[in-house]
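Residue numbers (the numbering used here): 103 to 606.
Scroll down for the structure; my scribbles are underneath it.
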Ligand code: BG6
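Rendered as structure tokens:
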């Protein structure tokens, strides 16, 4: 997983995108394919077939995507490379529940096999609304388009949300498995495509010095913050149904928890890594209703200032009810019941319209004993904090105490910092490149297995149930441009701790 380049390469194949006229295709998937082509990581025998209800021909689809790539590519577009890619792009118009769509798709794929040598290897990307996931897979089954042979493979990438609670996630897996084997299902979580998220494993397991102190003897607590400055960005309809918890926690944030908390896997083989991730998720102490009240906080943003811009309240966003009770912020305290983490709380929080966009993990170590400084002016010893910054800055920093110059003993807090871009430069990335490439190469390490998804939902479903039974009365409870509701600060103050707010 850290560097599989010696063992993995993408084989000849065609990618089929269901929902090809949507936002994800133009903003992420096509730019990611272009970046892969630039890095020479796409197979030479390759084609893309977009399927959507929009009235595109292959020709007009190419024109539209060409317009879009100039908007969404990171940097200038190389015309020669783009024309290589766009020649391999086709469109099939049709409804996802109409058998005729799949007949047309079959023709397009036969053509790709003949003209682009894609050899009957196909992967399908379900970039559709979730209610179509099993509809599409059913049809792929009926038309044998999902059937593998000795000489060709077929895989399906399923976007989030994978279910909306434990029962629906299990039901979806059951539906998909009527047609597909588990090894053909690639449940995507774009957080695992982020370099700095993958780097958590490299940092922990490629260095000798951190692992021995990565446990309850040395760590006081862990904080995970996924703060977004954007609001719901016109996705009010989706968000009213989802809310911040479903949108971010069982998927993205649980990935971060599992990578920070897991035991070392025996190898980077997909199941070895995922077994350890699943184990740590399964060790999270379940919430009973009292715990939900004591250890979780929900919030909704009101109006406020984001820098110089005045922003509307969530309830004033398009397609949001004026009395909406949907949360746009969540904070919670998790306990992990295993030998490594017993007694070390993991505090998580995520929200929209927070003061700044920052995703980071802070590992706070136990304080040193003050014995030696008893007779000095030093009043308190600050804890060491290791911060893994995921975005927008990507890097790692370690906070420690240093003597401030002068003839009396005084301490200051200083930072040792590593910044990704300074060392390695910046390579354009949407976060999807690695994941698409891995799927083409048949490496599922960075994709979620059914048990991992279910473990995430198993932890969160009791929270959703209690929240549903006890609707909030105090929304909105934080201003746009703040660090979230006061209750979230209280959650840590009760434990004599406080959130670490990174500000640029
Ligand atoms: C998506 C959520 O999965 O992740 C969005 O649906 C959220 O609401 C986004 O904004 C955050 O992703 P990133 O990569 O910007 O942190």
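Where a beta carbon is used, it is the ideal one built from N, C-alpha and C, also for glycine.
Since the model is a prediction, treat every value here as computed from it, not as a measurement.
DSSP three-state assignment for residue i, whether helix, strand or coil
| i | result |
| --- | --- |
| residue 411 | strand |
| residue 392 | helix |
| residue 382 | helix |
| residue 188 | helix |
| residue 548 | coil |
| residue 360 | helix |
| residue 574 | coil |
| residue 104 | Residue placement at residue 104 cannot be trusted, given a pLDDT of 42 that sits under 50; the coordinates are not used to answer. |
| residue 198 | coil |
| residue 204 | helix |
| residue 264 | coil |
| residue 480 | coil |
| residue 211 | helix |
| residue 162 | helix |
| residue 522 | helix |
| residue 258 | strand |
| residue 128 | helix |
| residue 220 | coil |
| residue 142 | coil |
| residue 376 | helix |
| residue 450 | strand |
| residue 508 | coil |
| residue 345 | helix |
Close Cβ partners of residue i (< 8 Å) along its chain, the five nearest in sequence each way excluded
| i | result |
| --- | --- |
| residue 313 | 306, 307 and 366 |
| residue 205 | 245 |
| residue 349 | 263 and 341 |
| residue 447 | 323, 324, 435, 436, 437 and 597 |
| residue 180 | 140 |
| residue 467 | 315, 320, 321, 322, 485, 486, 487 and 488 |
| residue 383 | 356, 359, 360, 554, 557, 558 and 561 |
| residue 168 | 184 and 188 |
| residue 420 | 336 and 338 |
| residue 377 | 367 |
In DSSP terms, what residue i is bridged to
| i | result |
| --- | --- |
| residue 115 | 148 |
| residue 584 | 456 |
| residue 517 | 501 |
| residue 487 | 466 and 501 |
| residue 387 | According to DSSP, which records beta bridges pairwise, residue 387 is partnered with nothing at all. |
| residue 193 | 152 |
| residue 398 | 434 |
| residue 536 | None; residue 536 has no bridge partner. |
Buried or exposed (CB count within 10 angstroms, at least 16 for buried), residue i
| i | result |
| --- | --- |
| residue 607 | Only positions 103 to 606 of the chain appear in this structure, which leaves residue 607 out of reach. |
| residue 600 | exposed |
| residue 390 | exposed |
| residue 359 | buried |
| residue 441 | exposed |
| residue 474 | exposed |
| residue 142 | exposed |
| residue 482 | exposed |
| residue 539 | buried |
| residue 299 | buried |
| residue 249 | exposed |
| residue 280 | exposed |
| residue 227 | buried |
| residue 368 | exposed |
| residue 104 | Only weak support is given to the placement of residue 104: the predicted model assigns it a pLDDT of 42, under 50, and the question is left unresolved by the model. |
| residue 138 | buried |
| residue 353 | buried |
| residue 508 | exposed |
| residue 514 | exposed |
| residue 619 | As displayed, the chain neither begins before 103 nor continues past 606, which places residue 619 out of reach and without an answer. |
| residue 456 | buried |
6 Å CB neighbourhood of residue i in its chain, flanking five on each side removed
| i | result |
| --- | --- |
| residue 536 | 295 |
| residue 200 | none |
| residue 464 | 325, 487, 489 and 602 |
| residue 404 | 415, 578 and 581 |
| residue 255 | 223 |
| residue 506 | 512 and 514 |
Own chain partners of residue i with C-beta closer than 7 Å, once the 5 adjacent residues on each side are dropped
| i | result |
| --- | --- |
| residue 107 | Low per-residue confidence applies at residue 107: pLDDT is 46, beneath 50, and the placement is therefore not dependable, though the value from the model is reported in the following sentence. Contacts found: none. |
| residue 335 | none |
| residue 566 | 267 and 347 |
| residue 556 | 268, 271 and 272 |
| residue 372 | 545, 546 and 547 |
| residue 549 | 288, 289 and 290 |
Heavy atom of the ligand FMN within 7 Å of residue i beta-carbon
| i | result |
| --- | --- |
| residue 262 | The ligand content of the structure shown is limited to the ligand BG6, which means the ligand FMN is not among them. |
Practice prompt. Could I get the ranges of all uninterrupted beta strand (DSSP E) runs contained in the segment 413-448, with 3 residues as the minimum, in chain order?
Written response: You should have 431-436.
Item to complete: Identify every run of the alpha helix (DSSP H) within the segment 286-339, keeping only runs that are complete inside it and at least 4 residues long; order them along the chain.
Response: Counting only runs of 4 or more, we get 297-307.
Worksheet entry | beta strand (DSSP E) segments (min. 3 residues) lying fully within the segment 223-249 | Runs found: 224-228.
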